[in-house]
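Student:
There are 4 protein chains.
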Amino acid sequence: MRLNLNADLGESYGAYVMGNDHELLQLVNSANVACGLHGGDPHVMTTTLDLAIRAGVSIGVHPGFADLHGFGRRPMQLSATEIRAILLYQIGALDAIARGFETTVTHVKPHGALNNMACESAELAAIVASAVRDYNRELILLAPALSELAAAGERAGLSVALELFADRRYSDSGHLLPRSVPGSVLHDPQDCVDQVLAMVEQQGIVCHSGKCLPTCFHSICVHGDNQDAVATARLIRQALTDRGCTLLPLPQMLC
Amino acid sequence: MRLNLNADLGESYGAYVMGNDHELLQLVNSANVACGLHGGDPHVMTTTLDLAIRAGVSIGVHPGFADLHGFGRRPMQLSATEIRAILLYQIGALDAIARGFETTVTHVKPHGALNNMACESAELAAIVASAVRDYNRELILLAPALSELAAAGERAGLSVALELFADRRYSDSGHLLPRSVPGSVLHDPQDCVDQVLAMVEQQGIVCHSGKCLPTCFHSICVHGDNQDAVATARLIRQALTDRGCTLLPLPQMLC
Amino acid sequence: MRLNLNADLGESYGAYVMGNDHELLQLVNSANVACGLHGGDPHVMTTTLDLAIRAGVSIGVHPGFADLHGFGRRPMQLSATEIRAILLYQIGALDAIARGFETTVTHVKPHGALNNMACESAELAAIVASAVRDYNRELILLAPALSELAAAGERAGLSVALELFADRRYSDSGHLLPRSVPGSVLHDPQDCVDQVLAMVEQQGIVCHSGKCLPTCFHSICVHGDNQDAVATARLIRQALTDRGCTLLPLPQMLC
Amino acid sequence: MRLNLNADLGESYGAYVMGNDHELLQLVNSANVACGLHGGDPHVMTTTLDLAIRAGVSIGVHPGFADLHGFGRRPMQLSATEIRAILLYQIGALDAIARGFETTVTHVKPHGALNNMACESAELAAIVASAVRDYNRELILLAPALSELAAAGERAGLSVALELFADRRYSDSGHLLPRSVPGSVLHDPQDCVDQVLAMVEQQGIVCHSGKCLPTCFHSICVHGDNQDAVATARLIRQALTDRGCTLLPLPQMLC
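Chains as they are written, first to last, in my numbering: chain A, 397 to 651; chain B, 397 to 651; chain C, 397 to 651; chain D, 397 to 651.
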């Protein structure tokens, strides 16, 4: 069995520190790196790539809405031209910094509200997928399993890596329960491990009701914005390797 | 005789309009396009590239300090790592948007305080030149004649296009007279034309004192942030073509 | 007959110039001054107040959403605490700059999407009105006639100045026709004058259909972001004074 | 003996958390609250004032340069008009939010580079002092002992509270040793306590060399941007109260 662990990283901004990038980079296989619009800045991007390269972690673009104050979590109604523009902008910016290290970005995963909206709107998902493809058709699109975004990536001819969340409960339709629903976010590291193992065993999304929606998947997203999350990532990594799972960066995972 | 006319464009931001991009794009051969840190935004960059491509104008990156409020005109003391990061970021961002139009950027010209500082500091100039080269050694560096930036570009193995200013007086050392010196900025379009023609005739920088500093040059920068500037650009273009000068985009100019 | 002419001013930002403040200040009686969140900055606010004071124009706060890139025109979903915070922040900031000139602000008029949303939501309108009152119960609330915002101002015990728009068509419900509806924005200065005169004569909102919604009103808003708008303001001013109307700043108007 | 403990607070921004405001507010007597230009935002300001009021901590304005990315720590060359504008803006903004709680700000302490520059330049210090006075001559200016800023406050007729730093070494001239000098920042909480007690005992600045520069002082600044700092603040508070020192908010301290 092969799997990938991914995390959102490089979201600090100037003097503002967000997350535990250094520790998480020792635990995950692929990093989704913020690009300066919802978080991150050119210097933070450089530092993050430097650390990721040393840790053997594959580098992805994590483009978000241009909304530092809202951290890209507020829905914004933009035209198709604007969506395409902010995607190309952020992909190119991070890829250039990667090129400065003689490497390249290998995947794209939208951030926050942009990701949520693209998971539900086939139209928005198609704009995202075509921007990624038009930049580089070799890029992997990292998208939630059973989402419109994943479907749009397939239609655009991209390699799509499907992800599941370790710390979020799912509804029977395969969507994340909103954060406002009590119990929708798992805080106990052991609960997260149990959910991941159940999904691995049943090969699908194990919903809050116990129902299983069968789907293949390639990656588990671990969030990293508190100390618990580092502990959670460590436990998940351990549990998977204990069961003989090989953890790989996304490009190797999809080979 | 062959020459290039260049102008800074795409500096609008959201609802804020700067310059007369549409008119200037009919007059110049190469556009230096802002990249969202000192001016411009992803949507403005897209619109500007669309217009430039239709006008047959070659596209350059115009990277500046991350200072929208100061429009990149305030000196900032950044580390070498930070300077390299903001350059790669902006070059990559614009190049990605160009790739969305199935084209590519062909030159880089730093903006404002970053440009001024790199023209005087060999150390800063070397950082700029190596960032450009590490992104793509085919990129042309557009730099003021007789500047440290031009010298650093040559040392880095880049093609360097040397530029002169139509509307600024020069000191005997070949530097621009500061804007604070009365008469340092030429407002009368005919004065600008006269200065350009004198430089073409004497093949060098004609200083305020009348002294000529011999230098080859490839491009004339015309500023575009007021209506007079459009008139000036039109007059210069006319005067040069009247004298049999062929006006070319930068890549063709340097062939 | 007494009336007030008001305009949105001080919306420039750093090197970005917006509007024709200098000319409009010679024509209107009250200025709604941006406060640095959707437009304007502390220096522009200072310059604008200096000009307004010299012109004998009364000064109002024009608070908007914290969205420079969208110029405060994009709807944002904020909590009641956040709305109250951005209102107090902007009112206090401008009033302090006024105090630096030994004067004070005398009215508040929300900007853009914040204004539109407060005109339709009684709940949001109440938050706005109470923030204004809690800062200073002597402040005048400048609000569109027949809006929820005007009603909330009355309920909060504020003096409310009711405004009509010179250059926008109204639906039969007394709301502005959306800008997307052809003909909803009047571009011809004479059309604007005709609408204002009809409203003055019929003492109410003259809708696009010809229907009149009777309402008292105290102020006419003239927009100032293009040259035509200055011409329009001049024509309206002339037409009103020709008919014997006395044009007054808001505090004198409501005495 | 009476003293005041002050700390910089409210420097978080949107989703970005800075410092341990909640814990520090239980330990200090006066809070210097960021105002949205170098850190903080209207919502954070509101939350911080709410906490400070509950904790019985007096509220001061902590105005900085408009430089979120540099956290107000980068020197900026602004005109006198601009300096005055950013001071009035920030003082008024925070005071308005205080007014929303039916209270008021009672002191001003500039932040970061603005503070450092005003401590060394009599001209800049005079601009700062007159802006504070012109807003409200009852405001206390909190300034480092022996600084140009303190002198300018006196000359402007303001009440000046003089502060010393617990965690920074001083040169023989009474200036802080630059952070670049090894040992200039004290990290061990006990070292900070020892320095404070030596200053209290010798009634002056105890320099790195051991020399004492006699000066009266009213307040000790404790920094709060890491866990150690909370421990340091707690130890200093304990050591001072153990020695019979009464710790007071600034207005009571200066009565």
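By construction, the Cβ of each residue, glycine as well, lies at the ideal position given by its N, Cα and C atoms.
#1: Which class does residue 567/C belong to by DSSP, given the choice of helix, strand or coil?
#2: In chain order, what residues of the region 433 to 447 of chain C put their CB closer than 9 Å to some CB of chain D?
#3: DSSP beta-bridge partners for residue 539/B?
#4: May I ask you to verify whether the region 481 to 496 of chain D touches the region 462 to 472 of chain C, counting CB pairs closer than 8 Å and requiring at least 3?
#5: Name the chain B residues whose beta carbon is nearer than 7 Å to that of residue 477/A?
#6: Under 9 Å, do residue 639/B and residue 397/B count as touching if we go by C-beta distance?
#7: Within its chain, find whatever has a CB closer than 7 Å to the CB of residue 431/C; leave out the 5 residues flanking it on each side and keep chain order.
#8: Listing by chain order, which chain C residues have their CB less than 8 Å from the CB of residue 488/D?
#9: Check the Cβ of residue 465/A against every Cβ in chain C and list those closer than 8 Å, keeping chain order.
#10: Mind listing, in chain order, the continuous beta strand (DSSP E) runs of no fewer than 3 residues lying wholly within the region 471 to 549 of chain C?
#11: With a 10 Å radius around its C-beta and 16 neighbouring C-beta atoms as the bar for buried, classify residue 437/C as buried or exposed.
#12: Within its chain, find whatever has a CB closer than 7 Å to the CB of residue 630/B; leave out the 5 residues flanking it on each side and keep chain order.
#13: Looking at residue 484/D and residue 495/C, is the spacing between their C-beta atoms short of 9 Å?
#14: Tell me, please, whether the CB atom of residue 531/C is closer than 9 Å to any CB atom in chain B?
#15: Quick one: measure Cβ to Cβ for residue 612/A and residue 558/A, integer angstroms, because I've assumed they're closer than 8 Å.
#16: With a threshold of 9 Å between beta-carbons, can residue 409/B be considered close to chain A, or not?
#17: Could you check if residue 540/C is buried or exposed, using at least 16 other CB atoms within 10 Å of its CB as the buried criterion?
#18: Residues of chain B with a CB under 8 Å from the CB of residue 566/C: which are they?
#19: Output needed for residue 645/A: all residues of its chain with C-beta closer than 6 Å, excluding positions within five of it in sequence on either side, in chain order.
#20: Residues of chain B with CB under 9 Å from residue 455/A, in chain order?
#21: Between residue 513/D and the rest of its own chain, which residues show a CB-CB distance below 8 Å, the 5 nearest in sequence each way excluded?
#22: Give the interface partners of residue 470/B over in chain D, defined as CB-CB distance under 8 Å, in chain order.
#23: State the beta-bridge partners of residue 600/C as determined by DSSP.
#24: Whose C-alpha, out of 571/D, 524/D, 578/D, 517/D, is nearest the C-alpha of residue 549/D?
#25: For my contact list, residue 570/B and residue 542/B are in at a C-beta cut-off of 8 Å; report their separation, rounded to the angstrom.
#26: With a threshold of 9 Å between beta-carbons, can residue 412/B be considered close to chain C, or not?
#27: Ignore the nearest five residues each way along the sequence and tell me which others in residue 605/B's own chain have a CB closer than 7 Å to its CB.
#28: Between residue 484/A and chain B, is any beta-carbon pair separated by less than 9 Å?
#29: Going by Cα to Cα distance, which pick from 501/C, 507/C, 510/C is closest to residue 532/C?
#30: Using a C-beta to C-beta distance shorter than 8 Å, which residues of chain C count as neighbours of residue 480/D?
#31: Under 9 Å, Cβ to Cβ, is there at least one residue of chain D near residue 514/C?
#32: Taking DSSP's pairing of strands, which residues face residue 403/C in a bridge?
#33: Is DSSP giving residue 445/A helix, strand or coil here?
#34: Which partner residues does residue 458/D have in the DSSP bridge list?
#35: If you compare alpha carbons, which of 582/A, 473/A, 444/A, 578/A is closest to residue 408/A?
Tutor: Let's see:
#1: coil
#2: Hits within the stretch, in order: 433, 437, 438, 439, 440, 441, 442, 443.
#3: 558/B
#4: Counting Cβ pairs under 8 Å, fewer than three are found: no touch.
#5: 439, 442
#6: yes
#7: If we look at residue 431/C and ignore the five residues flanking it on each side, its Cβ neighbours are 441, 457, 458, 459, 486, 489, 490.
#8: What residue 488/D touches in chain C: 488, 489, 490, 491, 492, 493, 495.
#9: 462
#10: 536 to 540
#11: buried
#12: 423
#13: yes
#14: no
#15: 6 Å
#16: no
#17: buried
#18: Neighbours of residue 566/C across chain B, judged by C-beta separation under 8 Å, do not exist; the nearest C-beta is about 24 Å away.
#19: 425, 426, 454
#20: Neighbours of residue 455/A on chain B: none; closest Cβ ~13 Å, over 9 Å.
#21: 471, 520
#22: 472, 473
#23: 610/C
#24: 524/D
#25: Contact annotation, residue 570/B with residue 542/B: C-beta distance approximately 4 Å; criterion of less than 8 Å satisfied.
#26: yes
#27: 568
#28: yes
#29: Out of 501/C, 507/C, 510/C, 501/C has the C-alpha closest to the C-alpha of residue 532/C.
#30: 442, 496
#31: no
#32: Bridge partners of residue 403/C: 427/C.
#33: helix
#34: Residue 458/D is bridged to 430/D.
#35: Residue 408/A has its Cα closest to that of 444/A, out of 582/A, 473/A, 444/A, 578/A.
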